[in-house]
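A.B. asks: Below is the structure I would like to discuss, written out as structure tokens.
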Amino acid sequence: MRVKHTIIEIFISMRPKQWTKNFFIFAALIFVKDFLDSQKVLFAVEAFVLFCFASSAVYIMNDVVDIKSDREHPTKKYRPLAAVKISPFFAIFFAVILATVASLGGWFLNTSFFWAVMAYLVLQLLYSFWLKRIVIIDVLAIALGFVIRVIAGAVAISVSFSVWLILCTFFLALFLAISKRRNELLHGASGFSRGVLQDYTLEFLNQMNMVVLPSTIITYAFYTFSSEHSRWLMVTIPIVVYGLFRYLFITDKKRIADNGPSDDILGDAGIQVAVLVWIIVSGIILIYGK
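Numbering-wise (our numbering), the sequence shown opens with residue 136 and increments by one.
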């Protein structure tokens, strides 16, 4: 019974809901139209699973680092480590196992993907121990994590990637991170565990988004215009613009989840519709467009 309880608690610490972020791994597979190649689909799925292991290792280590501050947080205090449901020693041991499996699996997939996994792990560990406490650098590090995911997905299936797609990913992730910080300030989370919030102001975060949001839209537009598969992708631009504005609206109106924007993105009907329409329209264009 105790073993079963420990397995459940360690699985919760792995943050399976956050694995949705690793869907960025499939960006290259989709946009180079290799989703009809079964072997490359298999490689991409393997890359996704390995990144889930890697990201879960990082989440567990982050909970170990933040265990004291999490205990003072109104919702994070219920996390397994903060609630003393699992020991820090066991959590670190399990995180090392996950990181090792991700690294070795990456090596056997291909060496370029292995280095992408290593870059991700190093970046995220630096973020957990240091970068998340430095204003501006914290959100840049989050955005780079998503860029690494896209690059990893490309090298996993041995294809080149568009510079515009990389830039769009960077600005999109940066927009989400800045909006999360803005939401935390706007709805009174600054008094809890994220010390870097003391260095931000709403005015500064608004100014950052005034640069980053248009950059996200522009780089996506340039990607669709320069797509070697079909310029008809440009018809998806209004859908993307709506999704971005909808997320901005959500973060302005209510407190979003402490675990990140995943729950709010997946739980909002407007964004769900936008994502579904974007997938359908993009799929039709990529398969039948010229």
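Backbone N, C-alpha and C define an ideal beta-carbon position, used for all residues, glycine too.
Being a predicted model, the structure only gives us computed values, none of them experimental.
1. In terms of residues, what are the limits of the alpha helix (DSSP H) holding Asp387?
2. Less than 8 Å between C-beta atoms, sequence neighbours within five positions excluded: which residues of the same chain meet that for Thr359?
3. By how many angstroms is the C-alpha of Leu260 removed from the C-alpha of Val416?
4. Look at the alpha carbon of Lys220 and the alpha carbon of Tyr377, and state the distance between them as a whole number of angstroms.
5. Can you tell which of Ala189, Arg137, Val294 has the C-alpha that lies nearest to the C-alpha of Asp172?
6. Take the Cβ of Lys231 as the centre, count every other Cβ of all protein chains shown within 10 Å, and call the residue buried at 16 or more, exposed below.
7. Could you check how far apart the C-beta atoms of Val285 and Ala163 are, in whole angstroms? I think they sit under 8 Å.
8. Under a Cβ-count criterion, where at least 16 other Cβ atoms within 10 Å of its own Cβ denotes burial, should Asn341 be classed as buried or exposed?
9. Short of 8 Å in beta carbon distance, which residues of its chain neighbour Leu233, apart from the five on each side in sequence? Order them along the chain.
10. In or out: Glu338 buried (at least 16 other Cβ within 10 Å) or exposed?
11. Give me the Cα-Cα distance between Ala226 and Phe296, rounded to the nearest whole angstrom.
12. Can you look up Glu104 in the DSSP assignment and give me helix, strand or coil?
13. With a threshold of 6 Å on Cβ separation, who are the neighbours of Arg317 within its own chain once the five nearest residues in sequence on each side are excluded?
14. May I have the straight-line CA-CA distance separating Ser204 from Tyr262, to the nearest angstrom?
15. Relative to the C-alpha of Ala278, which residue among Val290, Tyr255, Ala289 is closest?
16. Which class does Asp273 belong to by DSSP, given the choice of helix, strand or coil?
17. Whole beta strand (DSSP E) runs in the segment 177-245 with 3 or more residues, listed along the chain?
18. Taking the continuous alpha helix (DSSP H) assigned at Thr304, which residues delimit it?
19. Alpha carbons only, please: which of Pro215, Val236, Ser361, Leu379 is nearest the one belonging to Val199?
C.D. replies: Per the coordinate set shown:
1. Residue 387 sits at position 252 when you count from the first residue of the sequence shown. Counting along the chain, the alpha helix (DSSP H) containing Asp387 begins and ends at 372-388.
2. The residue you call residue 359 lines up with position 224 of the sequence shown. Cβ neighbours of Thr359 beyond the five flanking positions: Arg366, Leu368, Met369, Thr371, Ile372.
3. Start at 1 with the first residue of the sequence shown, and residue 416 comes out as number 281. Start at 1 with the first residue of the sequence shown, and residue 260 comes out as number 125. The straight-line gap from Cα to Cα measures roughly 38 Å.
4. Taking the first residue of the sequence shown as position 1, residue 220 is located at position 85. Taking the first residue of the sequence shown as position 1, residue 377 is located at position 242. About 42 Å.
5. Within the sequence shown, the letter at position 37 stands for residue 172. When each option's Cα is compared against that of Asp172, the closest is Val294.
6. The residue you call residue 231 lines up with position 96 of the sequence shown. The residue you asked about is not Lys; residue 231 is Val in the sequence shown. So Val231 counts as exposed.
7. By one-based count along the sequence shown, residue 285 stands at place 150. By one-based count along the sequence shown, residue 163 stands at place 28. Contact between Val285 and Ala163 holds: their C-beta atoms lie close to 7 Å from each other, under 8 Å.
8. Here residue 341 corresponds to residue number 206 of the sequence shown, with the count starting at 1. With a 10 Å radius around the Cβ and a threshold of 16 neighbouring Cβ atoms, Asn341 comes out exposed.
9. Taking the first residue of the sequence shown as 1, we reach residue 233 at position 98. The beta carbon of Leu233 lies closer than 8 Å to those of Met149, Phe188, Ala189, Ser191, Ala192, Ile195 in the same chain, with the five residues before and after it left out.
10. Counting from 1 along the sequence shown, the entry for residue 338 is found at position 203. With fewer than 16 Cβ atoms within 10 Å of its Cβ, Glu338 is classed as exposed.
11. Your numbering for residue 226 matches position 91 in the sequence shown. Your numbering for residue 296 matches position 161 in the sequence shown. If I take the Cα positions, the gap works out to 36 Å.
12. Because the chain spans 136 through 425 in this model, residue 104 falls outside it and cannot be assessed.
13. Stepping through the sequence shown from its first residue, residue 317 is reached at position 182. Around Arg317: Leu340.
14. Stepping through the sequence shown from its first residue, residue 204 is reached at position 69. Stepping through the sequence shown from its first residue, residue 262 is reached at position 127. For Ser204 and Tyr262, the distance between alpha carbons rounds to 16 Å.
15. Walking along the sequence shown from the start, residue 278 turns up at place 143. Of Val290, Tyr255, Ala289, the residue nearest in Cα terms is Tyr255.
16. For the purposes of this step, residue 273 is taken as the residue at position 138 of the sequence shown. Residue state for Asp273 is assigned as helix, using DSSP reduced to three classes.
17. List check, beta strand (DSSP E) in window: nothing returned.
18. Here the question's residue 304 lines up with position 169 in the sequence shown. For Thr304, the uninterrupted alpha helix (DSSP H) segment begins and ends at 298-321.
19. Indexing the sequence shown from 1 puts residue 199 at position 64. With distances taken between CA atoms, Val199 lies nearest to Pro215 out of Pro215, Val236, Ser361, Leu379.
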